[in-house]
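Visitor: I'd like to ask you about the structure that follows.
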Amino acid sequence: MKIFRNNAELMQGIQNLNCKIGFVPTMGALHSGHISLFKQSLLETDKTIGSIFVNPKQFSPSEDLNRYPKNLNTDINQLKDLGVDYLFVPSIDDIYPDNFEEIDYISDLHGILEGSFRPSHFNGVVQVVYRLLKLVHPDYLYLGKKDAQQLKIISKMIDHYKMPIKVKSCEIIRDQSGLALSSRNTYLSTQEKLQASTIYKSLCYARNHFDNGNRSSSEIIKTFEKNLNDQLVKNIDYVSIVDETTFMITNGNIENNALLLVAVKVGATRLIDNVELLV
Ligand code: PAF
């Protein structure tokens with residue numbers, strides 16, 4: 241695996257690649273969720289490029305930028321073992337040079353759900369992903385379904401700028417308890433992990449309720465809340481149902497395929513998860 245430590249090395253290293261390129265952007269601290277994205281790219285494309293860059297712009301001043309987990313050597317070894325072709329590990333100056341101009345793309349989804357709790361988050365995400373895509377020029381971009389709103393916003397941004405890139409959305413990977421894998425799970429104590437495992441269980445109860453014919457969004461949301469660990473119920477940021485295609489919030493009956501999305505604080509750690517509700 242070739243490692244590029246700056247833009248010049250990346251450009252030189254990939255300029256003559258005349259093949260289908262898959263790209264997996266990450267912030268490192270890789271877990272099986274990331275690995276599944278790399279595996280899918282390795283299967284479906286000719287060359288796979290990963291990136292590791294902890295993007296300061298997507299963290300608010302009160303968030304965990306300074307303690308975000310870092311495991312660069314372990315990450316590199318894992319990717320080498322998988323057979324990943326290239327890894328881009330840029331510096332802050334590579335991504336945001338002094339003359340850097342922010343793109344002014346703001347989607348209609350920037351301010352809802354995650355965006356209402358993390359106001360500058362999606363602007364930070366689109367800035368970095370746009371920059372990375374302009375540097376890497378992939379044919380395919382691999383993203384996980386756990387960050388469903390991010391996935392939707394990035395897809396919309398790619399359409400907006402007419403970038404010739406196909407977004408591949410990859411399934412959520414969970415641990416044995418059902419907890420969706422996230423680099424932030426390392427912050428959880430054993431007790432908190434136990435509480436956090438009720439998030440997916442409660443999502444499944446709610447989805448079963450839906451699959452049994454209940455189409456009322458408020459009933460589905462109530463089922464989620466009723467089954468969640470008592471401590472966590474007090475710390476729900478949101479439980480919402482959105483239309484899977486438009487991502488618009490569904491308040492009445494669920495008529496189209498939808499996503500049940502949740503964000504919950506477990507101790508000091510904020511977790512998100514979702515399940516599909518297929519009509
Ligand atoms: O999902 C992530 O890890 C990040 O938001 C991403 C897409 C790598 C951008 O920093």
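Numbering of the sequence shown is given in the working numbering, commencing with residue 241 and proceeding in unit increments. Every residue gets a Cβ at the ideal spot worked out from N, C-alpha and C, and that includes glycine.
1. Would you tell me roughly how many angstroms separate the C-alpha atoms of Ile461 and Asn467, rounded to the nearest one?
2. Can you have a look at Val504 and say buried or exposed, based on whether 16 or more other CB atoms are within 10 angstroms of its CB?
3. For the alpha helix (DSSP H) that Thr430 lies in, which residues bound it at each end?
4. Do you know offhand how far Ile346's Cα is from Ala498's?
5. Thinking C-beta only, is Phe244 closer than 9 Å to Pro265?
6. Here's the rule: buried if 16 or more other CB atoms are within 10 angstroms of the residue's CB, otherwise exposed. What is His449?
7. Indicate, with yes or no, if the ligand PAF has a heavy atom lying under 8 Å from the CB of Ile405.
8. Is it right to say Lys374 is buried, meaning 16 or more other beta carbons lie within 10 angstroms of its own, or is it exposed?
9. Helix, strand or coil, according to DSSP, for Ile352 in the structure here?
10. Note down the Cα distance separating Gln416 from Gln280, rounded to an integer number of angstroms.
11. Could you pull the DSSP bridge partners for Leu283 from this structure?
12. Residues in the same chain with beta-carbon distance under 6 Å from Ile512, minus the five sequence neighbours each way, listed in chain order, please.
13. Only counting runs of 3 or more residues, tell me where the beta strand (DSSP E) segments fall wholly within the region 270-341, in order along the chain.
14. Is it buried or exposed for Tyr401, if we count other Cβ within 10 angstroms and need 16 for buried?
15. Using the Cα positions of Phe328 and Asp477, report the straight-line distance between them to the nearest angstrom.
16. If distances are taken between C-alpha atoms only, which option among Lys320, Gly364 and Ile343 comes closest to Phe299?
17. Alpha carbon to alpha carbon, how far is Ala508 from Ser272?
Guide: Per the coordinate set shown:
1. As a working mapping, residue 461 is identified with position 221 in the sequence shown. As a working mapping, residue 467 is identified with position 227 in the sequence shown. Roughly 10 Å separates the two Cα atoms.
2. As a position in the sequence shown, residue 504 is number 264, starting the count at 1. Val504 should be labelled buried.
3. The residue given as residue 430 occupies position 190 in the sequence shown. That run of the alpha helix (DSSP H) goes Thr430 to Asp451.
4. The residue given as residue 346 occupies position 106 in the sequence shown. The residue given as residue 498 occupies position 258 in the sequence shown. Approximately 23 Å between the Cα atoms of the pair.
5. By 1-based counting over the sequence shown, the position of residue 265 is 25. By 1-based counting over the sequence shown, the position of residue 244 is 4. The answer is no: Cβ separation not under 9 Å.
6. Walking along the sequence shown from the start, residue 449 turns up at place 209. His449 is buried by the Cβ-count criterion.
7. As a first step, residue 405 must be located in the sequence shown, where it is residue number 165. It does not: the Cβ of Ile405 is nowhere closer than 8 Å to a heavy atom of the ligand PAF.
8. Position 134 of the sequence shown, counted from the first residue, corresponds to residue 374. The residue in question, Lys374, is exposed, as its Cβ has fewer than 16 Cβ neighbours within 10 Å.
9. Numbered from its first residue, the sequence shown carries residue 352 at position 112. Coil.
10. Here residue 416 corresponds to residue number 176 of the sequence shown, with the count starting at 1. Here residue 280 corresponds to residue number 40 of the sequence shown, with the count starting at 1. Each residue's Cα considered, the two are about 21 Å apart.
11. What you label residue 283 is simply residue 43 of the sequence shown in a count that begins at 1. DSSP output for Leu283 lists no bridge partner at all.
12. Numbered from its first residue, the sequence shown carries residue 512 at position 272. Hits under 6 Å: Ala503.
13. 287-292 and 326-328
14. Reading the sequence shown from its first residue, position 161 is the one you call residue 401. Result: exposed.
15. On the sequence shown, residue 328 is found 88 positions in, with the first residue counted as 1. On the sequence shown, residue 477 is found 237 positions in, with the first residue counted as 1. Their backbone Cα atoms lie some 34 Å apart in a straight line.
16. Within the sequence shown, numbered from 1, the residue matching residue 299 stands at position 59. Per the Cα distances, Gly364.
17. Taking the first residue of the sequence shown as position 1, residue 508 is located at position 268. Taking the first residue of the sequence shown as position 1, residue 272 is located at position 32. Using only the alpha carbons, I get a separation of about 23 Å.
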